[in-house]
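Following the working numbering, the numbering of the sequence shown begins with 27 at its first residue and continues without gaps.
Even glycine gets a Cβ: it sits at the ideal position worked out from N, Cα and C.
In what follows, a single structure is set out as structure tokens and then discussed.
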Amino acid sequence: MKRSALLLFVFAATSYGFAISVNVIVTPARCGLLNGTAGAQIINGAPPHTFVWSTGATTQVIGGLDVGTYSVTVTDALGNTAQGSGNIIAIPALGIAESIRSRQQDCDQTCIGQVEVVEGYLGGAEPYIYNIQPTPFPGYLGYEFVCGGTSNLLTIADQNGCTGEVDLGVVVGNVVNSGIVVSDITPSCAGDPNGTFTVTLLGGDGQSYVHVWRQSDNSEYSYYPAIGEPYVVTDLLPGTYSASSWVDGMDGYPICTHPWGSIEVPEIPGPCGTVSGTVFNDADQDCIQDPGDPGLPYRVLTTMPGPRYGFTDVAGQYSIGVQFGSHTLAQPMVDEAQLCPTAVPVPFTVNGSTPALTIELADSSYVPFDLEMHIANSSMRPGFSYSLDAFVRNNTAYPSDMATIDMSYDPQLAPVQASAGGSVGAGSVTWTVPSIPAYGGSVFRLTGTLVADVNLIGTVFTFTATVSSGTPEGNLSNNIRTKGVTVTGSYDPNDKHGETDGGQSDAFYFLNEDSHIDYTVRFQNTGTAAAEFVVIRDLIDTDFDITSLEILGASHAFTPSFAEGRELVFTFNDIQLPDSTTDLLGSQGFISYRIKPRTGIIVGDVFENTANIYFDFNPAIVTNTTEHVVEMSTTVGGHSNEEQDVEVFPNPASDLLVVQLKDGTTKIIGVFDINGSRCAVPINARSTGYLIDIESLQAGMYVVLTTKGAARFVKQ
């Protein structure tokens, strides 16, 4: 049945104190037909109103009109009149804009758009002919599963050949849903609704919101944070939750979602509160953070009982959730002395009347000015680009004078490129910066492309980075760092590497020589699109002292935090990491940190460490597991020191090696090469030790590891 095109008017409230006026609203006469309309829009005046058109009609809206000018006289209840007119024009095309409407936009280009066709507004002679036949759905005629942002041209013609066309992909459009990141989960105390977690929407077109669902009772909650602004979801009971970013369709139901996954809000005995504040260097020792007093970034704080750990942020600020009751707050204070509060650790109490407590930790640094150099590297493969990052860290509360950074490299690697400000010379790159700020740092990058020569595989290229400034330093030994990078073939771009400060081996930690291990987690986006965020989760081995953790440097801005227990989390929000096919070097990143073993480790202990790397919403990429076996360092050549329980001879040896044990309870663990790989060699027990057949080994240095110590030997 043919539908007449009518105008709908919203009438303004009548104000008797103003003169009546009228506007005439018209629609065109389309496709050579008498189907124009004119309507009177009244402004002010006292109702009811009467209408007299130039055609003699007396209704507010008139239709079936030809091209021309139409006027109307309106009279209100008080006898006041107003005149208006409108001009109807001819349009030889169907009314596509009025008739083709979006019922639902597409989302993330998943082709879920919906379009409605209102034939009554087309203005042609029915029936209509479509190049894409619409479907009669309950309540409307139209199209489903329309892809936004792609060409999908619809052409309509009436019985007289009057046409119109429109791109359905343009009509529905496409909305981009935000990504979502969940962080900083705090437990529920005593089963009360006081748990929290933080959600952040990343990217998108601003139509996304956060949907939270609780598994235990199917409760649902909606939150509307601004994009990029962390939002704390509060009042949570303990249990399992999920969080997603949603975009709703026309019916109020989500048309696309990005789930974060399962979120566990744990329960701890309670009730609970928070302790927060700032850790800062108090230059004038007045226990107040003045403008010149820098915050101490990335310090690990501990509350007891627990322990519960928290990080200071880049400005030295911290916040740790605790249960109601009495606690202590401690900081590592490796290079600082705590001025205020005077009690160490700091006792504090949170309760129902004071659930949130602020404790400012004012420190005084007694360490002389000190700059430290650290190096992180990408892989080196024949025919591919590589990079070396020199990260300079100021360990003290004093900014440096002008600083010079120099990185030397093998001249056969030329040409190389340098990051901003670098001057490339023969075999070295030099940067000069005005200052390295207090407790701050800077990254300087050397890049190049290795020649496509497979004979280079196995070659070790040595890079040495140094930093110096006009400010006198108390420790110059850490101003220089040397890194040997081995050329490899195929490799896993997401990996973890650990090296001790002694630098003798990547596989052993020598009790009498080493004090810490530096770990670097490297990651690379090998997908097909940029990664909006990257999260690294690293469960710290119980043989390490978490409070000794120091962050050495990173390729991109990050936020450190602790999840439950000993899980260390690095979050790279809004990193926009390009994929490796688009930008090989730009697709890579790293985070480096230093940590010391706990007291009481013994020979034979093994430090193990594995990281999980998450790109956006993809499953975790699990890195290799680094292993460092604890042993005592021994000299190369001759027997071990007299204090050791292990002796090997002859040394060097060519076929048989005798292992002499002073303690009958000592057991042999195995033979390892200098890279930590176990060697498959025959080992035969003797009354006072072992006899090992080493004839199959390649020439080089090896280690015999036992439960009481180790000894090195050379295979000729």
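Cα-Cα separation between residue i and residue j, rounded to whole angstroms
i	j	result
L603	F596	15 Å
A72	N106	9 Å
G265	P295	15 Å
I289	A589	11 Å
G663	Q742	For G663, the pLDDT reaches just 36, beneath the cut-off of 50, and the residue's location in the model is therefore unreliable, although a value from the coordinates is still provided. About 12 Å.
L743	A706	Residue coverage of the chain in this structure runs from 27 to 742, which leaves residue 743 outside it and unanswerable.
A108	P54	24 Å
V340	S618	16 Å
I69	V172	42 Å
I718	N538	27 Å
P437	A444	15 Å
T651	L578	20 Å
P708	E653	24 Å
E634	D567	6 Å
L120	W272	37 Å
V326	L565	15 Å
S713	S703	27 Å
V455	L387	41 Å
G232	F395	47 Å
D210	F223	5 Å
Y267	V208	11 Å
S234	T384	35 Å
Member of the options whose CA lies at the smallest distance from the CA of residue i
i	options	result
I483	V547, G409, G195 and P373	G409
I720	T456, V685 and P164	V685
D389	Y412, Q357, I401 and F417	Q357
Q724	T354, D699 and A737	D699
S606	W457, Q550, G230 and M406	Q550
Y562	S391, T260 and Y545	The amino acid at residue 562 is misidentified as Tyr; the sequence shows Ile. Ranking the options by Cα distance to I562, first place goes to Y545.
T554	S613, Y435, I115 and G199	S613
S245	S516, G232, D261 and A252	D261
E657	F570, V729, I639 and Y249	V729
R407	F487, Y250, V376 and Y535	F487
G65	V98, A402, L683 and V477	V98
I114	R129, R127, L104 and T95	T95
P160	V100, L194, Q131 and G229	L194
A464	V418, N377 and T512	V418
V469	I695, W457 and V93	W457
E558	E576, Y640, V477 and V493	Y640
V198	S80, L180 and Y344	L180
Proximal residues to residue i (C-beta, below 6 Å), its chain only, five neighbours per side dropped
i	result
Y247	V238
I46	N70, G71, D102, N106 and A108
V370	Q364
T552	S606
R548	D521 and F616
T490	S434 and T508
S574	I621 and K622
Y156	I182
Sequence-distant residues of the same chain with beta carbon closer than 7 Å to residue i, five excluded per side
i	result
G496	D427 and M428
Burial state of residue i (16 or more Cβ within 10 Å)
i	result
E255	exposed
E668	With a pLDDT of 35 at E668, under the threshold of 50, the predicted position of this residue should be treated as unreliable, though the coordinate-derived value follows. So E668 ends up on the exposed side.
T732	buried
D432	buried
M330	exposed
P317	exposed
V560	buried
I346	buried
K693	exposed
M727	exposed
L322	buried
S405	buried
F250	Note that residue 250 is Tyr in the sequence shown here, rather than Phe. Label assigned to Y250: exposed.
8 Å Cβ shell around residue i - same chain, five flanking residues per side excluded
i	result
D361	S391, Y392, V393, N421 and T422
M359	V370 and D389
E145	R29, S125, E152, Y154 and L167
L263	S214, G217, D218, P219, G221, R240, S242 and V291
S352	P373, F374 and T375
Distance cut-off 7 Å: residue i Cβ against heavy atoms of the ligand MN
i	result
V348	As for the ligand MN, it is missing from this structure, which has no ligand bound.
- Item | Three or more C-beta pairs below 8 Å linking the stretch 364 to 375 and the stretch 299 to 315 | Yes, since at least three Cβ pairs between the stretch 364 to 375 and the stretch 299 to 315 fall closer than 8 Å, the two stretches touch.
- Query: Do the stretch 578 to 592 and the stretch 623 to 634 make contact, defined as three or more Cβ pairs closer than 8 Å?
  - Reply: Contact between the stretch 578 to 592 and the stretch 623 to 634 is absent: fewer than 3 CB-CB pairs across the two stretches fall below 8 Å.
- Message: Quick test of the definition: if touching needs 3 or more C-beta pairs under 8 Å, does the stretch 200 to 217 touch the stretch 270 to 287?
- Response: Yes: the two stretches touch, three or more of their Cβ pairs being nearer than 8 Å.
- Query: Looking at C-beta atoms only, is the number of pairs between the stretch 325 to 334 and the stretch 273 to 282 that lie closer than 8 Å three or more?
  - Reply: Counting Cβ pairs under 8 Å, fewer than three are found: no touch.
- Message: I'd like to know if the stretch 416 to 425 and the stretch 390 to 408 are in contact, where contact means that at least 3 CB-CB pairs between them fall below 8 Å.
- Response: In short, these stretches touch, since the Cβ pair count reaches three.
- Is there contact between the stretch 150 to 161 and the stretch 178 to 195, where contact requires at least three CB pairs shorter than 8 Å? At 8 Å Cβ cutoff, the stretches touch.
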